[in-house]
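Below is one structure, written out as structure tokens, with a few remarks after it.
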Amino acid sequence: MRLSAEWKLIFQTICLAFLSPGRCVNPAVLKSGLGRKAAKDTEAHRAFLLAFGCPAVEELLARKVRAAQISSIARLTPFTILANLVNAAVVTPVFSSFLPVSYLAVWLAIVVALMVHTSVKWIRANRNPIETASRRGLRKVVLHATILSSLWACVPIVAFAIGDPNGILVASCVTTGMICGGGFALATVPQAAFRWVAILFVASVVSLTLGGDAHTWPLLLLLTSYVVVIVGSSTAAGWLFASHFLAEAELEQRGELIALLLNEFEEKASDWIWETDSFGNFRNVSDRFLHASGRTRRELQALRMVDLAHTLESDDARGAIPRLEKAVGLRKSFREIVIGVDVRGEARWWSLAARPFYDDHGSFGGYRGVASDITEARRANALVSHLAEHDSLTGIGNRSWFLSQAERLLAEQKTLETKSLTLFLVDLDNFKVVNDTCGHPAGDDLLKQVAGRFTTISEGRALLARFGGDEFAALGLFDSDAAAEAYAEELVSITRRPFRVGNRDFAIGATVGFIRLCTSGDTVDDLMRKADIALYKAKESGRGRALAFETDMEREVRERRELESDLREAYENGKFSVEFQPIVDARSGKVVSSEVLVRWVHPERGEVPPDTFIPVAEQAGLILPLGKWVLQRACAAAAQCPELESVAVNLSPVQFLDPNLVPQLQSVLEETGFPPERLVLEITEGVVLRDFGSASEKLQKMRDLGICIALDDFGTGYSSLSYLRHYKFDKIKIDKSFVDEIGERSDGLAIISAVISLAHNLGLEVTAEGVERKFQADALRTLGCDTMQGYFFGKPNPNPAEIMHVRTEGWHDAKADEAPRNASALKNVS
Ligand code: C2E
Ligand code: CA
Ligand code: CA
């Protein structure tokens, strides 16, 4: 039969324990013997070897095991001393009959001395319990067992050698009891137990042999069986003891590690551990928890988590309390419950997670959990959501927030009957100018002021938002159309009051388009679209006003949008052309100039008049490229007609506001080689009306280039005469409506006469437009008008060369059929 390496090791250890306790198996053999086994088996073998004092584990642990082995024997000291003294007390009188008293006294004295020594050591050990023990300590125990067992070994030997039957009986009983009692008492230190049993067993065998009785062999057999049982039991007990100790040590080690980690966690993280008793009151409160709660340990231990959650007066904070109460009531685990706590007057937010725990009897012990202070994260979140919903510049709502509010109100509107949801879109009128002239910081400042004014009038009436740029929106419930309109008017009027930006005042104004929900089927998108249409119409009809949406507008706007897209297409496909209309000298009747007019023939609509498509092109931003194109064509064509003193090109206010206008003019003139002195730019009052200081500068720049500037449609606007003094023009063009009044109204001529003389006084040349009849031409010439333009001289013509030959026949005599209806009005002239 072959023994496995482990069993060999065990056998070896037991043998060594008998023969030479304290000595160990070779460590290399130990290693190889334990190395190949599974962890669990290895653990058992380790415990076995440890029980026999072998260093199968690290020294510190081995020392602890030895100390525990020794302590467990020491715990029985009072009983062992008592047993020894009782045995000695029984043996002494019986042995005194056959043993000399002096021998007996010496034996007894040694036993008693040993007991005294043992008790003294026991008392000391009780005062200072040992925690570790060296191998020497273990050897001392073995020595102690050797001495005491040797003393008791004398008893059977003496009795069987020289004693009487009485003595033999007592000795047999004492020895048997000693073998068993001692073996068990020393079981936790198998080496000591083995030594004890071995000595007494040998003494018994010697005694029986000395006695030479017939019962010797059966008695020997009996004794041997006892000894085997004792040796086996003590081995097992020692082994078990060491195993238990090892397991405990490991648990303790793990506990220490966990405590260490928890310490780390408590000290470093923003989280802490909390624990309650079965009533929910905090207990084992950590320093971190104390610090986080801002309360004393006493205060905290009198509170429950729910009580803490109640300390913060906030709807947000209160929201989680029912969840917490429910979980605790049902003794359920919970996580991510966020409560608000008042900590020294400051609102702090804790995220809680916990699970209930139960004691060994299964009854509820309380909660253990983790709390994290998430205040900062919450603040950051709040900031992010504020930014997501608000306009960062003005602090009022942003577009996405506005739309979500509109959705919400619209859903509620279905149940509200009396008030009607109204959506307003607001566009500032002259904001761009502030931005362009004073820079973006000034523009930002202005927008903030506008938002501030809007907020004052909207409180309790409407929600406000900025959509970006100079676009604002409002949303509210209004009782009647009149109430909604009054609010819209207020939005407009409040922007009319000047705004102070830097050290300048700006009058900007606003245009509002709004829609009151009337069709229940309308969505937010529909409302937005309709308010946008109303705003579009309001802008178109002159800005600075509020306009409610009307159903007709939708069709108009649709048509306009269609026109816009057709216009774009036409431009991209080069479908525009220009015509030249002659301008004649009033005295000589010679063509001296020509106005260039753009033409567009729509594939379906036919010829679309520029009065219709120019405003659309202006709005669509198409006027800039189109205007440039007209200018190029005009200059190029006029360059081919040296007879023309000049060529006049219309300049839209939108073109005029373009910051690139002057460089663009220069480049066109250079490209076409057309002299700037021959170019006339016709601008309308619109240009100067929108002036914020830069128009006159720009006009001057153009004049510096050599270009002539004519004020077109003179007389159709407001205070035209004052412009003539403020701005430097070269020419004015009297509008056709004045010319039409010649011979129609009695004061028609007087007005024209006054305008002409005023212009001449200011050094301006005068052109009359829309001259259709001879008497008009005659009258204008008589009044001193410089040049004339109109169907009478020639309609716009695509070929510039052809306009040179205008109708001049009968230039000096009026025809009867062309006489004015009010002929008397002309009398003064002639
Ligand atoms: P406007 O600058 O006042 O141009 C004169 C308009 O009067 C032209 O109309 C011309 O055809 C018309 N007209 C000239 N003589 C007579 C006449 O004896 N009787 C009548 N009934 N009409 C006469 P048109 O070409 O339809 O242009 C209308 C307006 O469109 C122009 O008014 C001008 O403001 C604008 N426009 C035309 N071409 C351009 C252009 O290239 N650029 C810009 N920005 N505007 C343009
Ligand atoms: Ca014109
Ligand atoms: Ca005109």
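Take the numbering used here: the final residue in the sequence shown is number 911, and no numbers are missing along the way.
We treat Cβ as the ideally placed atom computed from N, Cα and C, and that holds for glycine.
Worksheet item: Beta carbon of Ser675: closer than 7 Å to some heavy atom of ligand 1?
Response: Translated into the one-based positions of the sequence shown, residue 675 becomes position 594. No; taking the cut-off as 7 Å, the Cβ of Ser675 has no heavy atom of ligand 1 nearer than that.
Validate contact between the stretch 530 to 537 and the stretch 485 to 501 using beta carbons, cut 8 Å, 3 pairs = Touching, no, given that fewer than three Cβ pairs across the two stretches are closer than 8 Å.
According to DSSP, is Val312 helix, strand or coil? As a working mapping, residue 312 is identified with position 231 in the sequence shown. Correct three-state label for Val312: helix.
_Can you give me the C-alpha to C-alpha distance between Phe294 and Ile280, rounded to a whole angstrom?_
For the purposes of this step, residue 294 is taken as the residue at position 213 of the sequence shown. For the purposes of this step, residue 280 is taken as the residue at position 199 of the sequence shown. Checking the displayed sequence, the identity of residue 294 turns out to be Asp instead of Phe. Distance between the alpha carbons of Asp294 and Ile280: 22 Å.
key: Nearest-angstrom beta carbon gap, Leu289 and Thr297 [assumed within contact, 8 Å]   = The sequence position of residue 297 within the sequence shown is 216, counting from 1. The sequence position of residue 289 within the sequence shown is 208, counting from 1. Here Thr297 really is in contact with Leu289; their C-beta atoms are around 5 Å apart, less than 8 Å.
| message | For a quick check, are the C-beta atoms of Ala938 and Cys866 less than 8 Å apart? | response | The requested residue 938 does not occur in the structure, where the chain is confined to residues 82 to 911.
Give the straight-line distance between the Cα atoms of Leu97 and Cys135, rounded to the nearest whole angstrom.
-> Here residue 97 refers to the residue found at position 16 when the sequence shown is read from its first residue. Here residue 135 refers to the residue found at position 54 when the sequence shown is read from its first residue. Their backbone Cα atoms lie some 11 Å apart in a straight line.
Item to complete: Report the partner residues of Leu760 according to the DSSP bridge assignment.
Response: Counting from one through the sequence shown, the residue named residue 760 turns up at place 679. Leu760 pairs with Val728.
Within a Cβ cutoff of 7 Å, which residues of the same chain sit near Glu54, ignoring the five residues on either side of it in sequence?
In this structure the chain extends from 82 to 911, so residue 54 is not present and cannot be described.
Q. For Ala591 versus Asp525, is the C-beta spacing smaller than 8 Å?
A. By 1-based counting over the sequence shown, the position of residue 591 is 510. By 1-based counting over the sequence shown, the position of residue 525 is 444. No, they are not a contact pair.
- Task: Check the DSSP bridge columns for Tyr448 and list the partner residues they point to.
- Result: Counting from 1 along the sequence shown, the entry for residue 448 is found at position 367. In the DSSP output, where bridge partners are listed per residue, Tyr448 has Pro437.
Original post:
Straight-line CA distance for Thr213 to Val197?
Top reply: Indexing the sequence shown from 1 puts residue 213 at position 132. Indexing the sequence shown from 1 puts residue 197 at position 116. Distance from the CA atom of Thr213 to the CA atom of Val197, rounded to whole angstroms, is 24 Å.
- Glu763 beta carbon near ligand 2 (any heavy atom closer than 7 Å): Numbered from its first residue, the sequence shown carries residue 763 at position 682. For ligand 2, at least one heavy atom lies less than 7 Å from the Cβ of Glu763.
In the DSSP assignment, find the unbroken beta strand (DSSP E) run with Glu825 in it and report its ends. Looking up residue 825 in the sequence shown gives position 744. For Glu825, there is no enclosing beta strand (DSSP E), as DSSP marks it with neither H nor E.
Per DSSP, what are the beta-bridge partners of Val424 in this structure?
What you label residue 424 is simply residue 343 of the sequence shown in a count that begins at 1. Glu427.
Mind checking whether Gly431 and Ile402 have CB atoms under 8 Å apart?
Here residue 431 refers to the residue found at position 350 of the sequence shown. Here residue 402 refers to the residue found at position 321 of the sequence shown. The amino acid at residue 431 is misidentified as Gly; the sequence shows Trp. Remark: C-beta atoms of Trp431 and Ile402 do not approach each other more closely than 8 Å.
Next item on the list: Could you tell me if the beta carbon of Asp867 falls within a distance shorter than 7 Å of some heavy atom in ligand 3?
Entry: Translated into the one-based positions of the sequence shown, residue 867 becomes position 786. Not so, every heavy atom of ligand 3 lies at least 7 Å from the Cβ.
Next on the checklist: Less than 8 Å between the beta carbons of Ile576 and Ile589, yes or no?
Outcome noted: Indexing the sequence shown from 1 puts residue 576 at position 495. Indexing the sequence shown from 1 puts residue 589 at position 508. A quick correction: the sequence has Thr, not Ile, at residue 576. Contact: yes.
Rounded separation between Thr94 and Leu130 - CA only
As a first step, residue 94 must be located in the sequence shown, where it is residue number 13. As a first step, residue 130 must be located in the sequence shown, where it is residue number 49. Straight-line Cα distance between these residues: approximately 7 Å.
Which first and last residues belong to the beta strand (DSSP E) in which Gln870 is found?
The sequence position of residue 870 within the sequence shown is 789, counting from 1. Counting along the chain, the beta strand (DSSP E) containing Gln870 begins and ends at 868 to 870.
Original post:
Comparing the CB of Asp816 with every heavy atom of ligand 2, is any distance shorter than 7 Å?
Top reply: For the purposes of this step, residue 816 is identified with residue 735 of the sequence shown, where counting begins at 1. No - ligand 2 has no heavy atom lying nearer than 7 Å to the Cβ of Asp816.
Would you give the residue range spanned by the beta strand (DSSP E) that Asp794 belongs to? Here residue 794 is taken as the residue at index 713 of the sequence shown, counted from 1. Looking at the DSSP string, the run of the beta strand (DSSP E) that includes Asp794 is 789 to 795.
field: Residues near Val424 in its chain [Cβ-Cβ closer than 6 Å; skip 5 each side]
entry: The count along the sequence shown starts at 1 and reaches residue 424 at position 343. Result list for Val424: Gly375, in chain order.
Beta-carbon gap between Ala164 and Gly262 smaller than 8 Å
For the purposes of this step, residue 164 is taken as the residue at position 83 of the sequence shown. For the purposes of this step, residue 262 is taken as the residue at position 181 of the sequence shown. A distance below 8 Å separates the beta carbons of Ala164 and Gly262.
Three or more C-beta pairs below 8 Å linking the stretch 483 to 491 and the stretch 379 to 399: Verdict: no, contact absent.
**Prompt:** Is it a yes or a no for the stretch 677 to 686 touching the stretch 654 to 663, going by three-plus beta-carbon pairs under 8 Å?
**Reply:** Because the criterion of three Cβ pairs below 8 Å is met, the stretch 677 to 686 and the stretch 654 to 663 touch.
Is Gly824 buried or exposed, if buried means 16 or more other CB atoms sit within 10 Å of its CB?
The residue you call residue 824 lines up with position 743 of the sequence shown. It is buried - the Cβ of Gly824 has at least 16 other Cβ atoms within 10 Å.
Helix, strand or coil, according to DSSP, for Phe360 in the structure here?
The residue you call residue 360 lines up with position 279 of the sequence shown. Three-state result, Phe360: coil.
Hey, is the stretch 812 to 832 in contact with the stretch 784 to 796, meaning 3+ C-beta pairs nearer than 8 Å? The answer is yes - the stretch 784 to 796 touches the stretch 812 to 832, with three or more Cβ pairs under 8 Å.
* In three-state DSSP terms, what is Leu509? -> In the sequence shown, the residue the question calls residue 509 occupies position 428. Taken through DSSP and simplified to helix, strand or coil, Leu509 comes out as strand.
Ligand 3 heavy atom lying under 7 Å from the CB of Glu552: Sequence index remark: in the sequence shown, residue 552 carries index 471 (1-based). Not so, every heavy atom of ligand 3 lies at least 7 Å from the Cβ.
- Rounded to whole angstroms, what's the CA-CA distance from Lys809 to Asn878? Just pull it up for me. In the sequence shown, the residue the question calls residue 809 occupies position 728. In the sequence shown, the residue the question calls residue 878 occupies position 797. If you take the alpha carbons of Lys809 and Asn878, they lie about 31 Å apart.
Worksheet item: What is the rounded straight-line gap between the Cα of Glu356 and the Cα of Arg399?
Response: Along the sequence shown, read from residue 1 onward, the residue named residue 356 stands at position 275. Along the sequence shown, read from residue 1 onward, the residue named residue 399 stands at position 318. Distance between the alpha carbons of Glu356 and Arg399 is about 22 Å.
Report the residue ranges of all beta strand (DSSP E) runs contained in full by the stretch 523 to 599; include only those spanning at least 3 residues, in chain order. The qualifying runs are 543 to 549, 552 to 559, 580 to 582, 585 to 587, 591 to 597.
Original post:
From which residue to which residue does the beta strand (DSSP E) around Leu628 run?
Top reply: The residue you call residue 628 lines up with position 547 of the sequence shown. Counting along the chain, the beta strand (DSSP E) containing Leu628 begins and ends at 627 to 629.
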